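Listed in order, the protein sequences are those of chains A and B. What the first sequence shows, in the working numbering, is residues 1 to 123, in sequence order. What the second sequence shows, in the working numbering, is residues 124 to 246, in sequence order.
Protein chains: 2
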Amino acid sequence: MVGTWHYVLAKHAKAMCMLERELGDKHGLGPSEFEVLDQMVHHDRKLRIQELCDEVHLSQSALSRVVARLEKAALVSRGACDSDRRGVFVCITEEGRARHAAALPTQRAVLAEIFDDTPVLIA
Amino acid sequence: MVGTWHYVLAKHAKAMCMLERELGDKHGLGPSEFEVLDQMVHHDRKLRIQELCDEVHLSQSALSRVVARLEKAALVSRGACDSDRRGVFVCITEEGRARHAAALPTQRAVLAEIFDDTPVLIA
DNA sequence: TTGCATTAGATGCGGGTGCATGTATTGTTC
DNA sequence: GAACAATACATGCACCCGCATCTAATGCAA
Chain A
1 MVGTWHYVLA KHAKAMCMLE RELGDKHGLG PSEFEVLDQM VHHDRKLRIQ
51 ELCDEVHLSQ SALSRVVARL EKAALVSRGA CDSDRRGVFV CITEEGRARH
101 AAALPTQRAV LAEIFDDTPV LIA
Chain B
124 MVGTWHYVLA KHAKAMCMLE RELGDKHGLG PSEFEVLDQM VHHDRKLRIQ
174 ELCDEVHLSQ SALSRVVARL EKAALVSRGA CDSDRRGVFV CITEEGRARH
224 AAALPTQRAV LAEIFDDTPV LIA
């Protein structure tokens, strides 16, 4: 229990730190930005902010800002939702797809290094 | 690999959030503050800042500030190191021990709730 | 001893986060 | 349909973090 927590703490700290540097230096992306792009690619359709909120581990406010940053970088676009004009659809751009594709190997490499010693624990 | 990473991400986010609220509201401690107190109690002796740095997953600068906060709250005291006058010894106070003892069940309860569904993975 | 690289810890700074709140829109109840 | 609660997203704010840098002390070499 406590051991699991310390494991999570250690891996999270190391991975976050390394992802921040690697993704930042090589692709100009933060871990949260990459995660959102990753979800967009994975779902392969426009998503509501709230849908994204369920998938990434960020508060709604943090997510709102991540999307704003991504939009400023032209990696996603925000569009109004017709059925509910309060809603916002997020749509990945071609440039966003490209940036994600470029960054993916970097992320995988970091994870491979971090979790190298860890047997397959979680499906 | 990616699955493990998402597991770590999810558990870390949930636990951190809950610890912050529970420890903060009930005991006036942040997760980092608790972690440092926990290490002090565990080692049961005065520790160099750098020794703490190896145990908690914080940068040296963050740790320096956590110790400063703890000292301001009179939960630890900082003392000069005779053998190396650059060094700083950190020593937990009686009040610090008491606060830690009071907060420990809260932390354990949070971890129990978070890792309830997780079989024993890491020793 | 003097000079310089190294180390311990503190601090300025920029950036990201969550919470509380604000604004706009929707649903609901009378 | 008017008033009010609820929802979606944005934003002000305070806080914590890591990086770069600063200061002081140490070690080492000439």
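Don't be surprised by glycine CBs; every beta carbon is placed ideally from N, CA and C. Quantities reported herein were computed from a predicted structural model and do not represent experimental measurements.
Self-check item: Sequence-distant residues of the same chain with beta carbon closer than 7 Å to G147 of chain B, five excluded per side
Solution: G153
Quiz item: How about T169 of chain A and T241 of chain B: do their beta carbons lie closer than 8 Å?
Solution: With chain A covering 1 to 123 only, the question about residue 169 of chain A has no answer from this structure.
Practice problem: Measure from the C-beta of L47 of chain A to each C-beta in chain B and report whether the shortest distance is under 8 Å. | Solution: no
Quiz item: Roughly how many angstroms separate the alpha carbons of D207 of chain B and A138 of chain B, rounded to a whole number?
Solution: 38 Å
Quiz item: Buried or exposed: G151 of chain B, going by 16 or more other Cβ atoms within 10 Å of its Cβ?
Solution: exposed
Self-check item: Those runs of the beta strand (DSSP E) which lie wholly inside the segment 183-212 of chain B and span at least 3 residues
Solution: 199-203
Quiz item: So with Cβ pairs under 8 Å, would you call V189 of chain B a contact of chain A?
Solution: no
Practice problem: Note down the Cα distance separating E51 of chain A from V189 of chain B, rounded to an integer number of angstroms. | Solution: 36 Å
Practice problem: Specify, as a first and last residue, the run of the alpha helix (DSSP H) that R222 of chain B falls within. | Solution: 217-237
Quiz item: Taking Cβ positions only, does A13 of chain A come closer than 8 Å to chain B?
Solution: yes
Quiz prompt | Validate contact between the segment 157-173 of chain B and the segment 223-232 of chain B using beta carbons, cut 8 Å, 3 pairs | solution = yes
Self-check item: Member of A:D116, A:F115, A:A109 whose CA lies at the smallest distance from the CA of E22 of chain A
Solution: A:A109
Quiz item: If you draw a straight line from the C-alpha of A10 of chain A to the C-alpha of D82 of chain A, how long is it?
Solution: 44 Å
Quiz item: In the DSSP assignment, what residue or residues form a beta bridge with R171 of chain B?
Solution: B:F212
Quiz item: Under three-state DSSP, which class holds D148 of chain B?
Solution: helix
Quiz item: Using a C-beta cutoff of 8 Å, does V169 of chain A count as contacting chain B?
Solution: Within the shown structure, residues of chain A are numbered from 1 to 123, placing residue 169 of chain A beyond reach of any answer.
Exercise. Say whether chain B places a C-beta atom closer than 8 Å to the C-beta of V138 of chain A.
Key: Nothing about residue 138 of chain A can be reported from this structure: the residues present for chain A run from 1 to 123 only.
Quiz item: Does M1 of chain A have its Cβ less than 8 Å from a Cβ in chain B?
Solution: yes
Practice problem: Flag L146 of chain B as yes if its beta-carbon sits less than 8 Å from any beta-carbon of chain A, otherwise no. | Solution: no
Self-check item: Cα-Cα separation, A235 of chain B to M141 of chain B
Solution: 12 Å
Quiz prompt | DSSP-derived helix/strand/coil call for H129 of chain B | solution = helix
Quiz item: Should V125 of chain B go down as buried or exposed, given a rule of 16 or more other Cβ atoms within 10 Å for buried?
Solution: exposed
Quiz prompt | Own chain, CB closer than 6 Å to K149 of chain B, minus 5 neighbours either side, in chain order | solution = T229
Quiz item: In this structure, does DSSP put H42 of chain A in helix, strand or coil?
Solution: helix
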